[in-house]
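Chains A and B, in that order, give the protein sequences. Each residue of the first sequence is one higher than the one before, starting from 1 at the first, in full-length UniProt numbering. Each residue of the second sequence is one higher than the one before, starting from 1 at the first, in full-length UniProt numbering.
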Amino acid sequence: MATSRNKNMNAKLVLLGDVGAGKSSLVLRFVKGQFIEFQESTIGAAFFSQTVALNDATVKFEIWDTAGQERYHSLAPMYYRGAAAAIIVYDITNQESFERAKKWVQELQAQGNSNMVMALTGNKADLLDARKVAAEEAQTYAQENGLFFMETSAKTAANVNDVFSEIAKRLPRLQPAQNPSGMVLMDGPAQTPATASCCS
Amino acid sequence: MNRSDSNKQSSSGEQEGAEIVYVKDNVAIHPTQYASERISGRLKLIKQGGSLLMTWIPYKGQSSSARLSEKDKSLYTIRAVPFSDVRSIRRHTPTLGWQYVIVVLSSGLAFPPLYFYNGGVREFLATIKHHAYLVRSADDANVFLVNDFQDPLQRTLSSLELPRAVSVTNTPSSAAAPSESPSSWTDGETFDRNSALAQQNARQRQKNNDPARDLSIQVLEKFSLVTRFARETTSQLFWEAQGDGFIPNDRRKHDKKTHDYPRIAESNNIQKLPEDVPVPEDPLEFDKVSLVWGKPRQPPLGIEEWSAFLDSEGRVTDSEEVRKRIFYGGVEQGLRKEVWPFLLGYHSYDSTYAEREYLVSVKKSEYETIKNQWKSISKEQAKRFTKFRERKGLIEKDVVRTDRSISFYDEDDSPNIKSLRDILLTYSFYNFDLGYCQGMSDLLSPILYVMGDESESFWCFVALMERLGPNFNRDQNGMHSQLFALSKLVELLDIPLHNYFKKNDCLNYFFCFRWVLIQFKREFEFEKTMRLWEVLWTHYKSEHLHLYVCVSILKRYRRKIIGEEMDFDTLLKFINELSGHIDLDAILRDAEALCICAGENGEACIPPGTPPSLPVDDASMYYQQDDDDVL
Chain A
1 MATSRNKNMN
11 AKLVLLGDVG
21 AGKSSLVLRF
31 VKGQFIEFQE
41 STIGAAFFSQ
51 TVALNDATVK
61 FEIWDTAGQE
71 RYHSLAPMYY
81 RGAAAAIIVY
91 DITNQESFER
101 AKKWVQELQA
111 QGNSNMVMAL
121 TGNKADLLDA
131 RKVAAEEAQT
141 YAQENGLFFM
151 ETSAKTAANV
161 NDVFSEIAKR
171 LPRLQPAQNP
181 SGMVLMDGPA
191 QTPATASCCS
Chain B
1 MNRSDSNKQS
11 SSGEQEGAEI
21 VYVKDNVAIH
31 PTQYASERIS
41 GRLKLIKQGG
51 SLLMTWIPYK
61 GQSSSARLSE
71 KDKSLYTIRA
81 VPFSDVRSIR
91 RHTPTLGWQY
101 VIVVLSSGLA
111 FPPLYFYNGG
121 VREFLATIKH
131 HAYLVRSADD
141 ANVFLVNDFQ
151 DPLQRTLSSL
161 ELPRAVSVTN
171 TPSSAAAPSE
181 SPSSWTDGET
191 FDRNSALAQQ
201 NARQRQKNND
211 PARDLSIQVL
221 EKFSLVTRFA
231 RETTSQLFWE
241 AQGDGFIPND
251 RRKHDKKTHD
261 YPRIAESNNI
271 QKLPEDVPVP
281 EDPLEFDKVS
291 LVWGKPRQPP
301 LGIEEWSAFL
311 DSEGRVTDSE
321 EVRKRIFYGG
331 VEQGLRKEVW
341 PFLLGYHSYD
351 STYAEREYLV
361 SVKKSEYETI
371 KNQWKSISKE
381 QAKRFTKFRE
391 RKGLIEKDVV
401 RTDRSISFYD
411 EDDSPNIKSL
421 RDILLTYSFY
431 NFDLGYCQGM
441 SDLLSPILYV
451 MGDESESFWC
461 FVALMERLGP
471 NFNRDQNGMH
481 SQLFALSKLV
491 ELLDIPLHNY
501 FKKNDCLNYF
511 FCFRWVLIQF
521 KREFEFEKTM
531 RLWEVLWTHY
541 KSEHLHLYVC
551 VSILKRYRRK
561 IIGEEMDFDT
571 LLKFINELSG
581 HIDLDAILRD
591 AEALCICAGE
601 NGEACIPPGT
611 PPSLPVDDAS
621 MYYQQDDDDV
631 L
């Protein structure tokens, strides 16, 4: 759950998605500014933290990166329980990974908390020639389900920090549970995302 | 004082020009709590050139107990240890019983307590003081520091070298003449006063700390453990010192002084501990001196030595001895290809060259048959075979990101990556119920690297999966049973750490999930992983040595875990980041010691059938109905 103290808050965030969609690569890009072409599969789970600075506050993300294989599904609730935010990742070159992402959304909607900020992320956006999932399709799905959507590339860093900044802005602050529709509104006027790390 | 300058009787370690400056008879060690098993001997201080040496030689043929062999006794013999190698001496004066001292080497190792049946501890210390640089510790009047030059770097370096013996300094004792020392006690009176005052202080201190603690009983208990181990393995007995204070239950342990001795020196995560978090003692530590009983690691088994284990027809004559040899040293890289099939159970030890050759050829064609089952699936058929497509896709995603930093796998179109894929896909047909699961490529990669041949690698992998297959069960029961056994072992071997995990809701031990699932594959560099695996596969001390490896790593970092009050998240991050920073040899020695220490109680913590034990009931071990599992 997101906890806040003054203008600095901590927020638990979980990454979910199909095998090889690029969950670990997104985290590695966001936390360390690195990209490894052959990022090893995640065994069990990994934990990272990284702080995002907004104009007047900071959000420290406590990030759980999970194993993608269905076989390890039973472990997932341990990691998304109590999360303030989730990034559901699919691979734009792989239609099955998008179907799998939808299943994760359903599961979180059924079992997660209603205030959870959810982002749908189409990763590997640099591989345009191999695209299988149209951005419009994902955008429509996201709107229908109250998520925000972005296409990212952990390889080129495109939009990676933006996803986290956007989540940071949407996190409910000191006024929890004011959104009966389940939609999370931004508190106050739109702010220019100020990202914590060097690349964006 | 028993100065006997004229006594020139020789003993081991003495040479021409040596002068015996102190000799004391009836100085004993107590290997067990049984009075009949005490070993008496003669303690000497010998001055030779500029150095002072200590020896303790047990008496010959005087043993009152048949249970103590001469071999046992010789284990404890102290042969000419120079004081340049000694860090400190701690004196104990129990209210009941004899005074004894513990000599701690600069390497961190220590000798067992020496009991002075005829008195003489004070003379012993005074004599050392006279010939070497000895100062009383400012922290504890019963601790005497030798060669203490207050050099934090030196101390850190020496603690880094644990448990190998290295000398902190080779400075001869003459470098510090008694007159230069801050408080000279060459004068007997001064010494007596100091010592009386010190004892009073020490009594007061002990009273303040824990009046119930009976040191002498603890010593006896520890030694019964150690002796049992020493007998079983005929290994050397070592103690490892961990701190510089040597006071039990002393909070000073947690203050910044401790940082001179980072126990986790191999980690790059050293941080200062918060000063206010008390860390409970490790119950297996005594007096800040924990036992390192594990036998020193040996060089790996080589081809000549291996050949000697084989009879003329290629049978392994003494498989127990082979497994023991590999347990302590591993196998040379060039020989692994020949030895691993035995360790994995693919070849039996009593097979001949001819039988193995035959088996290999039969198995080769069997492998090709199974491989053809998926090779013969046409594109049209695959379109209608979702499970196959998905399984293949999953394997293909993983093999291209398995050990790519190893030159064996680094080329993008490496035939070895293709072999990884073919073996895994063939295995998923051989064991269709289990299928493919992430982590399997990690287990196969070193096997293919060693075996080279695809069919041989496949069958070795099959043999490994006979034991580790349950790690990948859908209901996670193989993992749960191991993590449960691990929690029981920690409860047995380190109750304060167990209580800490319990309090912090960490008893599911999921932070050890990766360690257990793929046998520490991600925790060590490639070569070290192979070394660890062949040691685990010997099943020499226990089928579940890997769980003792987990316990020994956790114990090694217990102070940091508890001191920094890690919660589950932080703990998982910390454990994951230990990757590449764990000292394998040290951990294996600790694991061996813990395994022996736990004994039958340890085995009782591990339910029957817990992997890698062979399953109790073979039927339907893998097949579990799943709703939406794509495989």
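Built from N, CA and C at the ideal position, the CB exists for glycine as well. None of the values given here were measured: they were computed from a predicted structure.
Applying the criterion that 16 or more other CB atoms from any shown protein chain within 10 Å of the CB defines a buried residue, is residue i buried or exposed?
{"i": "E37 (chain B)", "result": "buried"}
{"i": "Q482 (chain B)", "result": "buried"}
{"i": "Y430 (chain B)", "result": "buried"}
{"i": "Y500 (chain B)", "result": "buried"}
{"i": "T317 (chain B)", "result": "exposed"}
{"i": "L15 (chain A)", "result": "buried"}
{"i": "residue 632 (chain B)", "result": "Here chain B comprises residues numbered 1 to 631, so residue 632 (chain B) is not present and cannot be evaluated."}
{"i": "P415 (chain B)", "result": "exposed"}
{"i": "T386 (chain B)", "result": "exposed"}
{"i": "Y509 (chain B)", "result": "buried"}
{"i": "A76 (chain A)", "result": "buried"}
{"i": "S365 (chain B)", "result": "exposed"}
Which residues in the same chain as residue i place their Cβ atom closer than 7 angstroms to its Cβ, once the five residues preceding and following it in sequence are excluded?
{"i": "W98 (chain B)", "result": "Y115, F116 and Y117"}
{"i": "A194 (chain A)", "result": "Low per-residue confidence applies at A194 (chain A): pLDDT is 41, beneath 50, and the placement is therefore not dependable, though the value from the model is reported in the following sentence. So the list reads A53, L54 and N55, once near-sequence residues are dropped."}
{"i": "L105 (chain B)", "result": "D85, V86, R87 and A165"}
{"i": "D282 (chain B)", "result": "S290, D494, K555 and R558"}
{"i": "S579 (chain B)", "result": "R522 and E523"}
Under 8 angstroms Cβ to Cβ from residue i, same chain only, skipping five residues before and after it: list those, please.
{"i": "V21 (chain B)", "result": "R3, D5, L45, I46, K47, L52, T127, H130 and H131"}
If you drop the 5 nearest sequence neighbours on each side, which residues of the same chain put their C-beta closer than 6 angstroms to that of residue i?
{"i": "R323 (chain B)", "result": "T538 and Y540"}
{"i": "S428 (chain B)", "result": "R391, G435 and Y436"}
{"i": "S40 (chain B)", "result": "N26, A28 and Y59"}
{"i": "T156 (chain A)", "result": "D126"}
{"i": "A18 (chain B)", "result": "I46 and Q48"}
Does the beta-carbon distance from residue i to residue j come in below 7 angstroms?
{"i": "L594 (chain B)", "j": "V535 (chain B)", "result": "no"}
{"i": "F47 (chain A)", "j": "V31 (chain A)", "result": "no"}
{"i": "I43 (chain A)", "j": "L517 (chain B)", "result": "yes"}
{"i": "L493 (chain B)", "j": "A598 (chain B)", "result": "yes"}
{"i": "L547 (chain B)", "j": "L464 (chain B)", "result": "no"}
{"i": "A154 (chain A)", "j": "G68 (chain A)", "result": "no"}
{"i": "N145 (chain A)", "j": "V117 (chain A)", "result": "no"}
{"i": "I582 (chain B)", "j": "E523 (chain B)", "result": "yes"}
{"i": "L301 (chain B)", "j": "R325 (chain B)", "result": "yes"}
{"i": "T58 (chain A)", "j": "N8 (chain A)", "result": "yes"}
{"i": "T352 (chain B)", "j": "A485 (chain B)", "result": "no"}
{"i": "V121 (chain B)", "j": "R91 (chain B)", "result": "yes"}
{"i": "Q34 (chain A)", "j": "S25 (chain A)", "result": "no"}
{"i": "A45 (chain A)", "j": "T66 (chain A)", "result": "yes"}
{"i": "F111 (chain B)", "j": "I78 (chain B)", "result": "yes"}
Quick check on residue i: does DSSP put it in helix, strand or coil?
{"i": "L301 (chain B)", "result": "strand"}
{"i": "E19 (chain B)", "result": "strand"}
{"i": "T55 (chain B)", "result": "strand"}
{"i": "P341 (chain B)", "result": "helix"}
{"i": "residue 637 (chain B)", "result": "Beyond the ends of chain B as shown, which are 1 and 631, falls residue 637 (chain B); an answer cannot be given."}
{"i": "W98 (chain B)", "result": "coil"}
{"i": "A45 (chain A)", "result": "strand"}
{"i": "V279 (chain B)", "result": "coil"}
{"i": "S40 (chain B)", "result": "strand"}
{"i": "D91 (chain A)", "result": "strand"}
{"i": "E40 (chain A)", "result": "coil"}
{"i": "S88 (chain B)", "result": "strand"}
{"i": "D25 (chain B)", "result": "strand"}
{"i": "Y133 (chain B)", "result": "coil"}
{"i": "M116 (chain A)", "result": "coil"}
Can you find a C-beta in chain E that's less than 7 angstroms from the C-beta of residue i?
{"i": "N416 (chain B)", "result": "Checking the listed chains, one finds no chain E in this structure; the protein chains it contains are A and B."}
- Message: Under 8 angstroms: do the region 452-462 of chain B and the region 44-56 of chain A share three or more Cβ pairs, one atom per stretch?
- Response: no
- Task: Would you be able to state if there are at least three C-beta pairs under 8 angstroms between the region 405-414 of chain B and the region 358-378 of chain B?
- Result: no
- Is there contact between the region 474-493 of chain B and the region 439-450 of chain B, where contact requires at least three CB pairs shorter than 8 angstroms? no
- Does the pairing of the region 137-146 of chain A with the region 161-170 of chain A give three or more beta-carbon distances under 8 angstroms? no
- Task: Could you say if the region 125-134 of chain A and the region 149-161 of chain A meet the contact criterion of at least three C-beta pairs nearer than 8 angstroms?
- Result: yes
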